[in-house]
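Numbering-wise, the sequence shown is residues 4 to 103 according to the numbering used here.
Just so you know, even glycine gets a beta-carbon here, dropped at the ideal spot from N, CA and C.
Small disclaimer: the values here were computed from a predicted structure and weren't measured.
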Amino acid sequence: PRPDLSIGVAGFSSAISACEGAGRWVHALALLTALGDLKVQPDAIIYSAGISACEKGRRWERSVALLEDAISAGLAPGVWAFNAAISACARKARWREALA
4 PRPDLSIGVA
14 GFSSAISACE
24 GAGRWVHALA
34 LLTALGDLKV
44 QPDAIIYSAG
54 ISACEKGRRW
64 ERSVALLEDA
74 ISAGLAPGVW
84 AFNAAISACA
94 RKARWREALA
């Protein structure tokens, strides 16, 4: 039998978090994009890791968009995700977006 090589949600979450820790926000976003192609449904943890990666990459627009995507998907992002999105906005002096 062939081994199951599917990564799943936990694997993607770990990979996105690793990209975030290494400052590779572009790779984190590529993994988020790949989720849809592989029919893997992202959870709040995956979105949070992507938001945090964008915050570290100073991509406030993308961090806010991911937060909105998570909420639109019916997920409940944790405080960590909101803090990362707010921090991303604050780094670029986007206080209106941070408070919206």
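**Study point:** alpha helix (DSSP H) runs contained entirely in the segment 8–70, provided each spans 4 or more residues
**Key:** Qualifying alpha helix (DSSP H) stretches, in chain order: 11–24, 28–40, 47–59.
Point to revise | Supposed close pair Ala-81, Leu-69 - CB separation, criterion 8 Å | key: Inspection of the sequence shows that residue 81 is occupied by Gly rather than by Ala. Taking 8 Å as the upper bound for CB-CB distance, Gly-81 and Leu-69 are not in contact here, some 13 Å apart.
Check your understanding: Do Ala-56 and Cys-22 come within 8 Å of each other at the CB atom, strictly closer than that value?
Key -> For Cys-22 and Ala-56, yes; Cβs fall inside 8 Å.
Exercise for review: Could you name the residues of the same chain whose beta carbon sits closer than 7 Å to that of Ile-48, not counting the 5 residues immediately before and after it, in chain order?
Suggested key: Correct list, in chain order: Ser-16.
Exercise for review: Please report how far the alpha carbon of Ala-13 lies from the alpha carbon of Ser-20, in whole angstroms.
Suggested key: Cα-Cα distance, rounded: 11 Å.
Check your understanding: Exposed or buried, Gly-39, counting other C-beta atoms within 10 Å across all chains shown (16 or more means buried)?
Key -> Under this definition Gly-39 is an exposed residue.
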